[in-house]
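In the working numbering, the protein residues as written are 753 to 1027.
What follows is one structure encoded as structure tokens, with my remarks underneath.
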Amino acid sequence: MVNDTISYIITAPIRDFLESHGFGAYSDPVIGILIITASLIAAKIIYWVIEKWLMGLATRTRTELDDKILGVLKKPVYYVVVLIGLQIALGYILVSTYAGYFESLMVIILIIVIAWTIANIVCAIIDDFGKKIAEKTESTLDDEAIPFASKMITFFIYLIAFMIILDRLEINIMPLIASLGLAGFAVGFAAKDTISNILAGFFILMDRPFIQCEKVKIGGYDGTVIDIGLRTTKIETDSKEIVIVPNSKIVSDSIVNYTSPERFYVSNKTQGESF
């Protein structure tokens, strides 16, 4: 209702002008073309403001995050403005039979563009946050965890966008949600060991019972930690053998840290006992 009122206020003077000059029969196509032209001009102006002014201001800040976000935003904002203009214009240019189909197409493209924008902004934020963490640690765990988190969040953003598109097309998504739930359960059961190792990797990252290059004893293995990964930790023994220990085993076992005795880890087998 509000959109119709705004549209009438904007287009009424144009329609009156065309009718007064004998072009009343062509008023709708002309209005549609004018809307497309106006949206292209507005999109160009907004793009220029972001690229020349806002990004110029962002270069003066200490963080690179605002530069990345603006770099992601400038093209999608341009396309969103143009798509909105096209969506409105098609209502004037096309007959009502076809206008609905093209309007749905424009909305679907708009949803995809918005989802892409949100996903890239979130990834930029996670990447910036991850770099700050990585600078403070020697472990490669965070180097693996950050991209993994970005991919998972991106997947869920696109999944939500896909659900919205199906809803827009009036497709019943409940059977799909049910199948996704069953598929997720099956995949989760099949990959339960991998998932438990990844979760254990996050616990090691947060608790930090040891760091890279420290001399430790994990279970029955004595050696130096040479790598802490997302799923496994590598230990080099005194005999120069490389032992790969699943992270799930580490969090469920006792740990002795010879290099930094102040670090300790309490296993679920030895509650209350520190090393």
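Just so you know, even glycine gets a beta-carbon here, dropped at the ideal spot from N, CA and C.
- The alpha-carbon of residue 957 is positioned some 9 Å away from that of residue 982.
- In the three-state scheme derived from DSSP, where H, G and I count as helix and E and B as strand, residue 771 is classed as helix.
- The criterion of a C-beta distance shorter than 7 Å is not satisfied by residue 901 and residue 863.
- DSSP lists 968 as the bridge partner or partners of residue 975.
- Cβ neighbours of residue 948 within its own chain (closer than 6 Å, five residues either side excluded): 1000.
- In the structure shown, residue 916 falls within a helical segment according to DSSP collapsed to helix, strand and coil.
- Residue range 817–845 is occupied by the alpha helix (DSSP H) that includes residue 826.
- Residue 799 sits away from residue 820, with the two beta carbons spaced by 7 Å or more.
- The secondary-structure analysis by DSSP pairs residue 789 with nothing; it has no beta-bridge partner.
- If the five residues before and after residue 878 are omitted, its C-beta is found closer than 8 Å to the C-beta atoms of 898, 901, 902, 905, all from its own chain and listed in chain order.
- Taking C-beta separations shorter than 6 Å and ignoring five residues to either side along the sequence, the partners of residue 975 in its chain run 987, 988, 989, following chain order.
- Per the coordinates, the alpha-carbon of residue 791 lies some 12 Å from the alpha-carbon of residue 829.
- Between residue 998 and the set 973, 786, 779, the nearest pair of CA atoms involves 973.
- Excluding its 5 nearest sequence neighbours in each direction, residue 875 has C-beta neighbours in its own chain below 8 Å: 902, 905, 906, listed in chain order.
- A buried status is given to residue 844, since no fewer than 16 other beta-carbon atoms sit within 10 Å of its beta-carbon.
- Nearest Cα to residue 867 within the set 909, 772, 768: 909.
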